[in-house]
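First residue of the sequence shown? That's 295 in this note's numbering, and the numbers climb one at a time after it.
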Amino acid sequence: MKIPSRLLPVLLATSLLVYLPVPRAADAAATGFVARYSHVSASFLVHQPPGRVFPLFDPLHEAEWSPGFAITPLHPVPFAVGKDAVFTTVGHGGTTTWVINDYSPAAGSIEYVLMRPGYQLKRIRIECTPTGSGDTRVNVSYTVTGLGDAGNQHVTDYDAEFIHHWDTAVNAYFDKTTDTGDKHP
């Protein structure tokens, strides 16, 4: 069976994520490596409705509030935000492959699974819910597993304080665009 070339990035990313060997206790004893794991969730309030806030967390709009965030789209071609979309980012010493694992705009949620081989495997889930007063409660969850010694050293970098920078950056974005009259996504 010939696989269409447009599906190869998805299959490659999926196979990396699905077939990533999981060390057994015997493997850890033989290599000395034991993966570290961390899960953290935190939430913050944005004084805008979910319809304006949620788009900022897709890969095409994140750069609007997160300077330096830039993607290289892989799938689909032409690139569109949706479940199973694949892209890469470069930064912090390497290239990371991202897959949109869940994309539910009506529910205000998006989930990414991302991996940098030998470093870390992450799941990031963002949920935007209305507060009833026209604002949006944004809940961000990070699940991080070290895939090597360097990745293990930074597993606990993702904590509530780390997520707090999202709060500051997203609210500053809306403060700036409201002051200048720029349109929100």
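Beta carbons are placed, not taken as given, at the ideal position from N, Cα and C, and that holds for glycine.
- Residue pairing by DSSP places Tyr397 opposite Ile404 in a beta bridge.
- Inter-residue distance for Phe381 and Leu441 is about 20 angstroms (C-alpha atoms, whole angstroms).
- Around Gly345, the same chain offers no residue with a beta carbon nearer than 8 angstroms, after the five sequence neighbours per side are excluded.
- Remark: fewer than three beta-carbon pairs, one from each stretch, lie closer than 8 angstroms, so the region 325 to 337 and the region 383 to 398 are not flagged as touching.
- Cα atoms of Val449 and Gln414: separation of roughly 8 angstroms, rounded to the nearest angstrom.
- Under the three-state reduction of DSSP output, Arg346 falls in the helix class.
- Here the C-alpha atom of Phe363 lies approximately 23 angstroms from the C-alpha atom of Asn446.
- Counting of Cβ neighbours within 10 angstroms places Gly402 among the buried residues, the total reaching 16 or more.
- For Ala444, the uninterrupted alpha helix (DSSP H) segment begins and ends at Asp443 to Gln447.
- By a beta-carbon distance limit of 8 angstroms, Thr430 contacts Val340. Their separation comes to about 5 angstroms.
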